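Colleague: From first to last, the protein sequence lines are chains A, B, C and D. Start counting the first sequence at 20; every next residue gets the next number (my numbering). Start counting the second sequence at 20; every next residue gets the next number (my numbering). Start counting the third sequence at 20; every next residue gets the next number (my numbering). Start counting the fourth sequence at 20; every next residue gets the next number (my numbering).
Protein chains: 4
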Amino acid sequence: MDKIKVGVVGGTGYAGVELMRLMLGHEHAELRVLTSRGDAGRRVDEVFPNLRGHLDLAFVAPDQARLEDCDVVFYATPNGTAMHEVPRLLEAGVRVVDLAADFRLQNVEEWSRWYGMEHACPELVEEAVYGLPEINRETIRTARLVANPGCYPTAVILGFLPLLRSGLVEPGRLIADAKSGASGAGRKAALPMLLTETSENFHAYGVAGHRHLPEIREVLAEQAGTAVDLVFVPHLLPMIRGIHATLYAGLKGEAGELQALFESAYRDEPFVDVMPAGSMPETRSVRGGNLCRIAVSRAPGSDTAIVLSVIDNLVKGAAGQAVQNMNLMFDLPETAGLGTVSLLP
Amino acid sequence: MDKIKVGVVGGTGYAGVELMRLMLGHEHAELRVLTSRGDAGRRVDEVFPNLRGHLDLAFVAPDQARLEDCDVVFYATPNGTAMHEVPRLLEAGVRVVDLAADFRLQNVEEWSRWYGMEHACPELVEEAVYGLPEINRETIRTARLVANPGCYPTAVILGFLPLLRSGLVEPGRLIADAKSGASGAGRKAALPMLLTETSENFHAYGVAGHRHLPEIREVLAEQAGTAVDLVFVPHLLPMIRGIHATLYAGLKGEAGELQALFESAYRDEPFVDVMPAGSMPETRSVRGGNLCRIAVSRAPGSDTAIVLSVIDNLVKGAAGQAVQNMNLMFDLPETAGLGTVSLLP
Amino acid sequence: MDKIKVGVVGGTGYAGVELMRLMLGHEHAELRVLTSRGDAGRRVDEVFPNLRGHLDLAFVAPDQARLEDCDVVFYATPNGTAMHEVPRLLEAGVRVVDLAADFRLQNVEEWSRWYGMEHACPELVEEAVYGLPEINRETIRTARLVANPGCYPTAVILGFLPLLRSGLVEPGRLIADAKSGASGAGRKAALPMLLTETSENFHAYGVAGHRHLPEIREVLAEQAGTAVDLVFVPHLLPMIRGIHATLYAGLKGEAGELQALFESAYRDEPFVDVMPAGSMPETRSVRGGNLCRIAVSRAPGSDTAIVLSVIDNLVKGAAGQAVQNMNLMFDLPETAGLGTVSLLP
Amino acid sequence: MDKIKVGVVGGTGYAGVELMRLMLGHEHAELRVLTSRGDAGRRVDEVFPNLRGHLDLAFVAPDQARLEDCDVVFYATPNGTAMHEVPRLLEAGVRVVDLAADFRLQNVEEWSRWYGMEHACPELVEEAVYGLPEINRETIRTARLVANPGCYPTAVILGFLPLLRSGLVEPGRLIADAKSGASGAGRKAALPMLLTETSENFHAYGVAGHRHLPEIREVLAEQAGTAVDLVFVPHLLPMIRGIHATLYAGLKGEAGELQALFESAYRDEPFVDVMPAGSMPETRSVRGGNLCRIAVSRAPGSDTAIVLSVIDNLVKGAAGQAVQNMNLMFDLPETAGLGTVSLLP
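#1: Take C:Pro433 and list the residues in its own chain whose beta-carbon comes closer than 8 Å to its own, dropping the five residues that flank it on each side.
#2: Whose Cβ in chain G lies nearer than 9 Å to the Cβ of A:Tyr33?
#3: With a Cβ-Cβ cutoff of 9 Å, do A:Phe281 and A:Pro190 count as a contact?
#4: Counting only Cβ pairs nearer than 7 Å, list the residues of chain C close to D:Lys198.
#5: What's the C-alpha gap between C:Gln278 and C:Ala296?
#6: Quick test of your reading: A:Ala370 and A:Ala84, contact by CB under 8 Å. State the CB separation rounded to the nearest angstrom.
#7: Is A:Thr359 near the ligand ATP - that is, is its Cβ less than 8 Å away from at least one heavy atom of it?
#8: So, is the C-beta of B:Thr173 closer than 9 Å to a C-beta in chain A?
#9: Taking all protein chains shown into account, decide if A:Ala208 is buried (16 or more other Cβ within 10 angstroms of its Cβ) or exposed.
#10: Determine which residues of the stretch 51 to 85 of chain D have a Cβ less than 7 Å from any Cβ of chain B, and write them out in chain order.
#11: Can you name the residues of chain A whose CB is closer than 7 Å to the CB of D:Ile262?
#12: At which residue ranges does the stretch 23 to 82 of chain C contain complete beta strand (DSSP E) runs of 3 or more residues, listed in the order of the chain?
#13: First and last residue of the beta strand (DSSP E) that includes B:Ala264?
#14: Cutting at 7 Å between CB atoms, please list the residues of its own chain near B:Ala240, excluding the five before and the five after it.
#15: Could you say which of B:Ala227, B:Ser298, B:Gly336, B:Leu43 lies nearest to A:Pro319 if we only look at CA atoms?
#16: Using DSSP bridges, identify the partner residues of C:Ile330.
#17: When you compare only the Cα positions, how much space is there between C:Ser199 and C:Asn332?
#18: Nearest by alpha-carbon distance to C:Ala166: which of C:Glu145, C:Leu74, C:Ser185 is it?
#19: Under a three-way DSSP split, which group does B:Ala197 fall into?
#20: Listed in chain order, which residues of the stretch 235 to 263 of chain B have Cβ atoms closer than 8 Å to some Cβ of chain C?
#21: Kindly list the residues whose CB is nearer than 6 Å to the CB of B:Pro141, restricted to its own chain and excluding five residues on each side of it in sequence; keep chain order.
#22: Counting only Cβ pairs nearer than 7 Å, list the residues of chain A close to C:Glu301.
#23: For chain D, check one thing: does any of its Cβ atoms lie closer than 9 Å to the Cβ of C:Asp306?
#24: Establish whether the CB of D:Val342 and some CB of chain B are separated by less than 9 Å.
#25: Taking 9 Å as the threshold (beta carbon to beta carbon), is C:Leu232 in contact with chain D?
#26: Out of D:Glu219, D:Phe221, D:Arg206, D:Leu210, which has the shortest C-alpha to C-alpha gap to A:Thr215?
#27: DSSP three-state label for D:Ser185, please.
#28: My assumption, with CB atoms under 8 Å, is that D:Gln255 sits in contact with D:His222. Please give the rounded CB distance.
#29: Is the Cβ-Cβ distance between D:Val79 and D:Ser328 less than 9 Å?
#30: Would a C-beta distance cut-off of 9 Å place D:Gly29 and D:Arg51 closer than the cut-off?
#31: Using a C-beta cutoff of 9 Å, does A:Ser202 count as contacting chain B?
#32: Quick one, are the C-beta atoms of A:Met345 and B:Pro257 less than 9 Å apart?
#33: For a test of the three-state rule: what should DSSP assign to D:Ala279, helix, strand or coil?
#34: In angstroms with no decimal places, state the Cα-to-Cα distance between A:Gly356 and B:Ser361.
#35: Please tell me whether D:Ala195 and D:Leu270 are closer than 9 Å, where the distance is taken between their beta carbons.
#36: How should A:Ala111 be labelled, buried or exposed, when 16 other C-beta atoms within 10 angstroms of its C-beta is the threshold for buried?
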């Protein structure tokens, strides 16, 4: 079989380099075009020395890049970039996975409000498939355009999903207390993300409203078949990789067997690991791996369900999930290129 | 005025060294006796090189220590130590601040259940004053025995207090999602607390039940005048100092002005700082300082109050609060020795 | 081809888990027996959650383990363990790679002095091959017993080697200022290795003498064909993985082209990467990878050569090098199982 | 006595906030004017939340600031700023401490070469006193203009000084392998200083030449009474504060008693602490303190002296030393405001 020809637009961010790392270990895919506005002409392994000896390519300026020769193009760009270029690529027969937010919300008005711009191709929004395979596996297979989920949404949605689908919890009292490593803020010079500002420190942010809130809410409402009331508070962890979502939901009446519910919900999922009862998953246990590890319990002496959900924000929360989507889109084994063991310690 | 003669039992832990640091900057107190079982005979500044040039004392074995010559003795020992020795000291006229948990719960049976031992002097439990000055300032002044609060309880109680006292929130739906730096686990060899296990990692612990849960619940119930239902999930942060408690409570009807409520509640408190509306306090802003910084808001589109409460677990969460209690007990300015500026960055 | 049957003795340390991670990605090897004294009977993935879903084995007590059924056994044990068991295994036709120090020094007396014990099988010391493929590739191929080099020695020897072999530097003035991540101290409860003691901190250790000094000195002397005078100062870095050796050597007369010397020396080495002139290699660029990255330069205005040499102490400094040795011993491609890209960020 | 009126130009950097922290604990000094170009008009405690409750000032634009009403003005600005403004202030009778490099090198030509600009007031260079009290205590007392030393130079010079003054070492073979926390790079948005780039990572920088090299060389040569050959390699530590300099020097003939030499050299110095023989100072032992801790030894089996020298780069390496200089200039006790105990852990 010919290898899938892969293009990456915006390859100089953390999702970009992670995508390259994964593609280099993927036997059915081949990196062909990597674009960068700022680093055009520079060898990729100069920017990312971990790639020395593995990748013999240089970044190409976006307007020089022959993306239409690729089978699939990944956008690892800031929000609002992909929507300008995707129509042309789709017309050329190229399939697209957008790791940014351009196609994540079905409600275009809400999208505009949260992202502060007009949508450039609202007509494609409905066609775009939200790329969470645990929800949309079959539609992803045939999608031309996949909206790769946000990192927080991946951890939060997978944690709440069995509870909401089963109707065991009240959809009106969901709380997601989420914590993310600093790589979630991207690879760009920013004072608050200096080691001197971020290490030995912890704080919440976005309490008044974070862009991942409407994304989570929309998907959960659809899955629950009813509106949900979600409180979402993200926090910044003094470390590089990992998201830990601590989820709280009010149980209705007799809750039955939470553990069995989760195990059954994710029995066939290759990338969701329901931990044994009593576990407390560590973010490092999924570092570098395309995995969501989940533990569920009932708070002692309370009718509250507690779900602990961890992912590597750059893998299952971004690049790994994008590869998983590509595998589905091109009829490859869903786990291809995603089998490496997480690095511990 | 003569300086207060201070003894510290169990001076080789992190609360112990922090207590020494603060006492060395306290113009009305003087370290006289420092005991240690394991390090008896060793110079203190050999164990803690930050004290070189500041303290010319050696650790004394507990049975050699003339604690009865002190005005006040601090127990910075494991749980279950102070209760054996406190009666003798009180009889000798020495006042005691216990930084461990021996006298924190008024319900002795519950104490035994959580701490797994019989209480050695239940008759003193009722006399002991819970040393949170923001609640018990006046009784602390005359107390012979002060139970210094736990680190999590300090951050959580101060955050919920105005909400519960005002009756604005339902006492039946409190959630405390708390995160602590690794110094909360103490200074003892333990595999899970190695840098190699704890850094670049984040996880919850004690989900099935943590000893600070009954402490918080007992105090909050007393302050609310009714039972409270509290879910408490602690997490371990990959950093040394700091606690961040993210608190959620369901608001009843019209909530009124949360900001004004908090500002008024803590207007005269020297060590509680209510941040301006919209703030998100950082743990580092109180590193080394005896301060609890709090921000309050209403979750967007929800009837949930969110309180963010940060302390340095070793200062307002332990040694600093102990000094604050001593100041009250000995009729000193409450802020004596506690005025240093936090270290940032 | 049948897979190589692999046993690991002492699998609960960091070199052990790293060896398992690498073996799980090695198409020609299969983990068969993993022993542990303390964790016998426990599933491996309970101890190391990153292995969940990848490895379906439990630790076996050493005396229950059928190591003689393996093709190769790796000792990832404390020093002084392998030497008691290796003779029996060799007799049984099993080949051995010792990741500890038992067979690293040819001078048995010096070994006893530094390691504080009698050697249990001095007769095997001479047969043992020092497992640095860049020096001993051919003898490793046929070795029954390989002494896997120490982490510091790997970084330091590879950095000095071209200088000493070429005779360009004075062997009497070598300085190795080396820095290691905390995983070098192993996975065992130890107060000084707590996050609270090690993070936000840096210091030297072993200035009066470190066990890797005689190892480096012996190998370098052999390679230089003359005695060398080496000053070696190790330091502890506040991070998990990585060694950075900064090496200084006095150049003799005209030094010629240092860059060309190094490039030529390592041209055919798959796991030594000589960086372009002017580079300063980062430890993270080799995190998780079996690579030594080296840069060489002449100090401005001085006759001193500066070599910067980085490895991942757990990979090229331990488990990865052990796999590389196994590949040579079993006539596999030297790079088998060692091709994964380092994790960055 | 009236308090000294203090101005700080460029108060939004790390040296600036540290200077404020120290001044707030200084009983003889008072912060009067704080300037900032970018944050003019903003309350200082909004930028630095650790100052909330301690400082009731806002930043003033440089051209609005009444610096001439101050007794002393500190420049905590980028290099090349102070030299334009100092002449005017000196004329107005204001004394100046420059924490940047403008007046550190007596050789103005060399200064221009390293700093890439013309010097704006070369005529003041000779008058400026290099503010290392351990060398220039008496001239600092009467100086109008003090050039506060660089952070690396402070640690390196204090470490080499006794060796060079005594003539015990060859001035032609000095090596300084220095490691600094990330706060040394300042408080400004810069990609390489992100937590995601700097934590879990270590590397050298400036191997081809660092601006602190000529500064160290000039001072050491003057103190040694002869030219010195110095190799200086700085490295970046994955932590916030602290410099560790590991110094190597070739001993001439019989070296005598290194320990006694150092103890005698610094016997009367309030801020240099010679550790007991065999010590290995930790950077955290001086965190937040104005102290240089030094240990000296002879490398085992070698004629090389090893000196370990640690400081907090923001205190003894910047703001603390500036306060020490102010104390000397205004005839205050040299230790005023500098007595706080370092924070550990």
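By construction, the Cβ of each residue, glycine as well, lies at the ideal position given by its N, Cα and C atoms. Since we're looking at a predicted model, the values are computed, not measured.
Modeller: A quick look at the data gives this:
#1: Only positions 20 to 364 of chain C appear in the structure, and residue 433 of chain C is not among them; the question remains open.
#2: In summary, chain G is missing from the structure at hand, where the protein chains are A, B, C and D.
#3: no
#4: Phe221
#5: 6 Å
#6: The requested residue 370 of chain A is not part of the displayed model; chain A covers only 20 to 364.
#7: What this structure holds is no ligand at all, so the ligand ATP is not there to describe.
#8: no
#9: exposed
#10: Phe67, Pro68, Asn69, Leu70, Arg71, Gly72, His73
#11: Within chain A, no residue comes near D:Ile262; the closest Cβ sits about 14 Å away, beyond 7 Å.
#12: 23 to 28, 48 to 54
#13: 262 to 269
#14: Ala246, Val247
#15: B:Ala227
#16: C:Ile262
#17: 8 Å
#18: C:Glu145
#19: strand
#20: Pro257, Met258, Ile259
#21: Val127
#22: Pro68
#23: Correcting the residue type first, residue 306 of chain C is Arg in the shown sequence and not Asp. It does; some Cβ of chain D falls within 9 Å.
#24: no
#25: yes
#26: D:Arg206
#27: helix
#28: It is worth fixing the name first, because residue 255 of chain D is Leu in this sequence and not Gln. Between D:His222 and D:Leu255 the Cβ distance is about 6 Å, and since that is below 8 Å, they are a contact.
#29: no
#30: no
#31: no
#32: no
#33: helix
#34: 48 Å
#35: no
#36: exposed
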